[in-house]
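> Using the working numbering, read the sequence shown as starting at 184 and increasing by one per residue.
In this text, a Cβ means the ideal position worked out from N, Cα and C, and glycines have one as well.
The structure that follows is given in the form of structure tokens.
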Amino acid sequence: MDKLKITTRNLVIICTAIIFLFSFFLFGLTGLRTIGTIFGMFLPAYLIMSNFDIEEEEKVFFSFFIGLTIFPLLVWYMNIFIASLTVSIIITFILLSAVGLFLKYKNKLKI
């Protein structure tokens, strides 16, 4: 029988699931949507940070704060050109996620 190995990635997934459950039980669907939005802003920055050769904890830490600063800034600038905030959020999320996936694909081609 293989021993259960807890890696950093598994620990992050477990902690994320606990945070989602805790926010749902405390605040209901509103709390779940709020935490989901925060993680939604965090995900594109994490995809971009995963292309650099740094530890997993550093990726999570940096991408959390980069996501909380860069994502709203880009949404605000996008909202200047597009009059809908919801569309601006969706376009910014898609663009940042595409940049992260493009960098990951480009790094795989180099190796």
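By Cβ distance below 7 Å, which residues in the same chain neighbour residue 231 in space, the five residues on each side in sequence not counted?
As a working mapping, residue 231 is identified with position 48 in the sequence shown. Hits under 7 Å: 282, 283 and 286.
> Looking only at its chain, what residues have a beta carbon closer than 8 Å to the beta carbon of residue 280, apart from the 5 residues adjacent to it on each side?
The residue given as residue 280 occupies position 97 in the sequence shown. Once the five neighbours on either side are set aside, the close Cβ partners of residue 280 are 226, 227 and 230.
> Would you mind stating whether residue 224 and residue 264 have Cβ atoms separated by less than 8 Å?
To locate residue 224, count along the sequence shown from 1; it is residue 41. To locate residue 264, count along the sequence shown from 1; it is residue 81. Going by C-beta atoms, residue 224 is not nearer than 8 Å to residue 264.
> In chain order, what residues of the same chain lie with their CB nearer than 7 Å to the CB of residue 207, ignoring the 5 residues before and after it?
Position 24 of the sequence shown, counting from 1, holds the residue named residue 207. The answer, listed in chain order, is 214 and 215.
> DSSP three-state label for residue 237, please.
Position 54 of the sequence shown, counted from the start, is the residue given in the question as residue 237. If DSSP states are grouped into helix, strand and coil, residue 237 belongs with coil.
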